[in-house]
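Engineer:
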Amino acid sequence: MRSMLSALLLLMIAGMLVSCDSGNTGDFKIRLRLPIDINEVCSYYEDDPDGEDYTYCITRGDQILLEIYSTPNPAEPYVFAQSKLISVDSSRGGKENFIRSLKEGNYYRFFVSVTNTNEKLKLTGGLDGIYYDDAKNYEVDLFLGATADFVRVVKDRKKYEDTSLRSYFDSSGSRGAAAVALKGGLVYLSGGYSFDYEAVMPNTTVFDMHNLTSSKEDSLRIPLEYHAAALLDDGSPYGKAIIAFGTGDDGSYSSSILLFDPEKGRYRTLESKESVTKAKAITIDGKVYIAGGCNESSSSSKIYVVDNRPPYSITEFASMKTARCNHALADVSTVDENNVITPRILIIGGSSDIDGEDPVVGDNIVELAVAGSSTPLPLTDRKGEDSVDLTKNGLVSPAASTLKMDDLGEIQKVVAVIGGHLQDGSDENATIVVSKNLYVFSEKSDGSGIIYDVNSAPQGCARPSMATIGTTEKSPAQYAAVNCGTEDLDTDSKATDTQKIFVVQVKRSFDSELNMNVLSASVKESLMDENRDPENGVILDGPTVVNDLGQAFVFGTEYVYQICGNSIPY
Amino acid sequence: MKVIKNLLIAILVISFVSPAFAQDAAPQGGVNLKVGENFYFEGDISSKEGGDQEESMAEIQRTPFYKSTWFITAVSVVVIAGAAVGIYYGTRTEEPEGKVIEW
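So the sequences go chain by chain: A and B.
The numbering of the first sequence is the working numbering, which starts it at 1 and goes up by one.
The numbering of the second sequence is the working numbering, which starts it at 1001 and goes up by one.
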C-alpha cells in the first residue's frame, strides 16, 4: 500500500513537471498601436461614417495589409516572404492569425499599411530586426503613423500623456541634439542644449520601437551640442552610431569621433581629429562620412570615412575645395551592374565661420566629393542662369536629402534642398535673412554641373533637417520629412507655436514657359494643427532621421514624432 | 507560476506522505495492538491487574479522533481533491494563440 502511494505520488509530480515545462511557446502577437485620438473621433464612425476624418482610425471596411520579410542574417537584405490582407469588419478592434509558422533563427521585418474604403492609404508602420526563437512567446508593438504626416508616438492612444515617447528635454525648449535611426527598431538621441537647465546635455536615450519604450544609456564623454551623427552599419543587428565633434558646455570644441554600441549601451572613442563643431555626417554603403566643421578661428575641409568593420579605422576620404561648416550633405552615389557602390557626396552651402555670417559663395557653393578629390560644380537654373542669386548669396544651414525619381522608368537621383539663411544685399548693407525657397538639384547628364528648380515655401526654416521617407516603386511623387524649426534666426527661440514639422513633396511637372519637364517641390499640409504641435514644439536645429523602413523620426522638446512613408524604400 | 508549482508539489508531498506513514508512528512507552488492517488499541496495560484490566481496555478503545478511519478517509479525500484541483489549475496552459495581429 505504502509503495503504491509513493509510486503514485512520484508519477503525479513527474506529470506536473512535464506539463508545466511544456508551456505554450511560439506565440507571436503584433499589437497595432494607433496615433492619439484626442476627440475620440474614431468612436463616431459607426453612427456617422462620412462625418469626420478617420485617418487615425481603423474602421469597418478598411483593409490591413501585413507584409512579412525575413533574413537569416541581419547583415543581409530582407527578402519578401508572405503577405496577409485582412478586411476589417468592426470599428472596435479585432484579431486575426497572419501566418502558420515563422522560421526558427530568422530575423523578421513586418510592414503594415491600412487603406480605407476608397483604397486611400492612411496608416503605415513597420518593425524589423525581430529574431524568432520558437521556444519563446512574443508580443510586439507596431506603431502606425499617418502616411506622409507627423504624429506623436504613443503606446496607448487613450492614455497618451503617460505613454508618449519622450526625449530627455523639458518643456522650455532645446536645440542642437543629434540622432541616428539605428537598425532593428532602435532610435538614438544624444546631447543638445536645454533652455530649462541652461546647459549642454550629456544625455543619451535609445528608443525601442518594438515595445515603444525608451532607455537612458551611457552619457557622452562630455556634454555636446551641434555634434554630427550617423549610422555605421557593421552587419550587427542594431548597427552602431558614430558621433563626431560638437560644442561642449564650456564653449570648447570636441575633437573626438565616438562609436556608440547600442547592444552594450556604451561609447568608445575611435580617434581624435581637429577640434570643430557643426560638421555633418552621412551614411553611404554602411560607412560613415564626416565632412567639415568650424571652430572660432578656422574651418575644416576634411572629409573622413569611418570603416564599417572592426577596428572601425578612420581615413581621409577627400578634401573640400572650400572649408566649411553649417552645410548640408546629400548622397548621390552610383551603383554599377554588379551592385558595387561608388560613394559620391554632394556638399551644399555652408559658411566658413560658426555663426554663419560668412557664407560660402560663388562656384564653390556646391562641391562633389569622390574618393580622393572634391570638385566645385557650377550651379544654374534651367535657363542656365542663377535667377535667385543662390551662388551670390550663399545658403547657410540648409537641409538636403536625396530622392530617387523613377517615375519615367530609370532612377534619377535628385536632391531636395530646403531652408537655411542667406546674405541679402552686399558688403556693409548685407543682412542675413531666412530662405523661403524650396530647391530641387539635379546633376547635368554630362556631369558638368547642377541644375536647380526652385519653388516658394509657405514659410522659412532657419536651420532645418530633412530625411527622405519611403515611397512605392515608380511613384509619381517622392517625399521627405522636415524638422523646420522656426524662421526665427535666434537659436534661443522658445516660441513653440511657430516651430513646425512637415513633409515636402517633389514631383515632375510640365513648365509651359520653358516647354519642358521640371521638378517641383511643395509643402504637404498636415492634418495636425498647421504642421505643428503648438504646446510642445520641436528641438531647434534638431535632427530628422529615417530608418530602413522609410519611417522618419523628429524630436520635439518633449515628445518623439514619427512620419511614415507609403512603403518600405525599394 | 514557478512558485505555485513548487507550492503544489510541497502540498502534495506533505499530504500524501503524512497519511501514508501515520500508522508507523507509535507513542513512546505504549503498545500497538493490531486489530484488523487499520485499527489500533493503544495504551499501557502491563501495570494493570484483574478488573482494572477490563476497565483499561474500555479506556484504550477510545482512540484519538485524528487516528480514526473516518477522519483519515475524510482528510485523504479532501487532500486528493485539493491536489487534483491544484494540479488542474497549476498545470493548465492557455490555448495557443499562434501568430496573430491585433488592433
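Glycine residues also receive a C-beta, built at the ideal position from the N, C-alpha and C atoms.
Have a look at A:Asp355, A:Ser272, A:Glu139 and flag the residue whose alpha-carbon is nearest the alpha-carbon of serine 313 (chain A).
Structural biologist: Of A:Asp355, A:Ser272, A:Glu139, the residue nearest in Cα terms is A:Ser272.
Engineer: Looking at the C-beta of lysine 1099 (chain B), does it have a partner C-beta in chain A at a distance below 8 Å?
Structural biologist: Answer yes: the Cβ-Cβ gap between lysine 1099 (chain B) and chain A drops below 8 Å somewhere.
Engineer: Use the C-beta contact count for lysine 1034 (chain B): other C-beta atoms within 10 angstroms, 16 or more gives buried, fewer gives exposed.
Structural biologist: The predicted position of lysine 1034 (chain B) is uncertain, since its pLDDT is 49 and thus under 50; a value taken from the coordinates is nonetheless stated next. Classification for lysine 1034 (chain B): exposed.
Engineer: Exposed or buried, isoleucine 38 (chain A), counting other C-beta atoms within 10 Å across all chains shown (16 or more means buried)?
Structural biologist: Per the 10 Å Cβ criterion, exposed.
Engineer: The beta strand (DSSP E) with threonine 205 (chain A) in it runs from where to where?
Structural biologist: Where threonine 205 (chain A) is concerned, the enclosing beta strand (DSSP E) stretches over 204-208.
Engineer: Check the Cβ-Cβ distances between lysine 444 (chain A) and every residue of chain B, and say whether any is below 8 Å.
Structural biologist: It does not: the Cβ of lysine 444 (chain A) has no partner Cβ on chain B nearer than 8 Å.
Engineer: What residues match up with serine 520 (chain A) in a beta bridge as DSSP calls it?
Structural biologist: In the DSSP output, where bridge partners are listed per residue, serine 520 (chain A) has A:Lys507.
Engineer: Does the beta-carbon of aspartate 529 (chain A) have 16 or more other beta-carbons within 10 angstroms, so that it is buried, or is it exposed?
Structural biologist: Classification of aspartate 529 (chain A): exposed, given that the 10 Å Cβ count is below 16.
Engineer: Would you say asparagine 97 (chain A) lies against chain B (beta-carbon separation less than 8 Å)?
Structural biologist: For asparagine 97 (chain A), the answer is yes, since a Cβ of chain B falls inside 8 Å of its Cβ.
Engineer: Any C-beta of chain C sitting closer than 8 Å to the C-beta of proline 1064 (chain B)?
Structural biologist: Of the protein chains in this structure, namely A and B, none is chain C.
Engineer: Who are the near neighbours of proline 1096 (chain B) in its chain, counting only those whose CB is closer than 6 Å to its CB and skipping five residues on each side?
Structural biologist: Closer than 6 Å at the Cβ level, and outside the excluded window around proline 1096 (chain B), lies no residue.
Engineer: Compare the C-beta of tryptophan 1103 (chain B) with all C-beta atoms of chain A and state if any pair is closer than 8 Å.
Structural biologist: Tryptophan 1103 (chain B) counts as touching chain A.
Engineer: Run down chain B in chain order and give the residues with a C-beta less than 8 Å from the C-beta of glycine 94 (chain A).
Structural biologist: By Cβ distance, chain B contributes Glu1102, Trp1103.
Engineer: Just to make sure I have the definition right: I need the residues of chain B whose C-beta is within less than 9 Å of the C-beta of leucine 32 (chain A). Which are they?
Structural biologist: Under the 9 Å cutoff, chain B gives Ile1101, Glu1102, Trp1103.
Engineer: Taking just the CA atoms, how far does aspartate 355 (chain A) sit from valine 396 (chain A)?
Structural biologist: Spanning the two alpha carbons is a distance of roughly 9 Å.
Engineer: If I follow the unbroken alpha helix (DSSP H) through lysine 392 (chain A), where does it start and stop?
Structural biologist: Run containing lysine 392 (chain A): 390-393, per the alpha helix (DSSP H) assignment.
Engineer: Return the residues of the stretch 297-320 of chain A that lie within a Cβ-Cβ distance of less than 7 Å from chain B, sorted by chain order.
Structural biologist: Answer in chain order: no residues at all.
Engineer: Counting only C-beta atoms, is lysine 29 (chain A) closer than 8 Å to chain B at any point?
Structural biologist: Yes, its Cβ sits closer than 8 Å to a Cβ of chain B.
Engineer: Mind checking isoleucine 411 (chain A): buried by the 16 CB within 10 Å criterion, or exposed?
Structural biologist: When all chains shown are included, isoleucine 411 (chain A) counts as exposed.
Engineer: Measure the CB-CB distance between isoleucine 68 (chain A) and valine 88 (chain A) and report whether it falls below 8 Å.
Structural biologist: No, they are not a contact pair.
Engineer: Cβ of proline 359 (chain A) within 8 Å of Cβ of serine 351 (chain A)?
Structural biologist: For proline 359 (chain A) and serine 351 (chain A), yes; Cβs fall inside 8 Å.
Engineer: Return the bridge partner residues of isoleucine 68 (chain A) from the DSSP annotation.
Structural biologist: Paired residue(s): A:Gln82, A:Phe110.
Engineer: Just the C-alpha distance for valine 1075 (chain B) and tyrosine 1066 (chain B), rounded to the nearest angstrom, thanks.
Structural biologist: Taking the straight line from one Cα to the other gives about 9 Å.
Engineer: According to DSSP, simplified to helix, strand and coil, what is lysine 474 (chain A)?
Structural biologist: Correct three-state label for lysine 474 (chain A): coil.
Engineer: Roughly how many angstroms lie between the CA atoms of aspartate 381 (chain A) and valine 388 (chain A), to the nearest whole one?
Structural biologist: For aspartate 381 (chain A) and valine 388 (chain A), the distance between alpha carbons rounds to 9 Å.
Engineer: Mapping the DSSP letters down to three states, classify phenylalanine 245 (chain A) as helix, strand or coil.
Structural biologist: DSSP places phenylalanine 245 (chain A) in coil when its eight states are reduced to three.
Engineer: Taking threonine 163 (chain A) as part of the alpha helix (DSSP H), name the residues at either end of that continuous run.
Structural biologist: Here the alpha helix (DSSP H) through threonine 163 (chain A) covers 160-163.
Engineer: Can you pull the chain B residues whose beta carbon is under 8 Å from the beta carbon of isoleucine 58 (chain A), in chain order?
Structural biologist: Correct list: Trp1103.
Engineer: In whole angstroms, what is the alpha-carbon distance linking valine 506 (chain A) and glutamate 443 (chain A)?
Structural biologist: About 16 Å.
Engineer: Between the Cα of aspartate 141 (chain A) and the Cα atoms of A:Val482, A:Asp234, A:Arg31, A:Ala399, which residue gives the shortest distance?
Structural biologist: Cα-wise, what sits closest to aspartate 141 (chain A) is A:Arg31.
Engineer: Using 8 Å as the threshold, is the C-beta distance between arginine 166 (chain A) and glycine 192 (chain A) below it?
Structural biologist: Result no, Cβ atoms of arginine 166 (chain A) and glycine 192 (chain A) do not sit closer than 8 Å.
Engineer: List the endpoints of the continuous beta strand (DSSP E) containing phenylalanine 555 (chain A).
Structural biologist: Taken as a continuous stretch (DSSP letters only), the beta strand (DSSP E) holding phenylalanine 555 (chain A) covers 552-555.
Engineer: What's the gap between the Cα of proline 74 (chain A) and the Cα of isoleucine 130 (chain A)?
Structural biologist: If you take the alpha carbons of proline 74 (chain A) and isoleucine 130 (chain A), they lie about 10 Å apart.
Engineer: Taking a cut of 7 Å between CB atoms, which residues from the stretch 392-403 of chain A lie near chain B?
Structural biologist: For the stretch 392-403 of chain A, which is checked against every Cβ of chain B, not one residue is closer than 7 Å.
Engineer: For the candidate residues A:Gly550, A:Glu525, A:Val554, A:Val545, whose alpha-carbon lies nearest to that of valine 538 (chain A)?
Structural biologist: The option with the nearest alpha carbon to valine 538 (chain A) is A:Val554.
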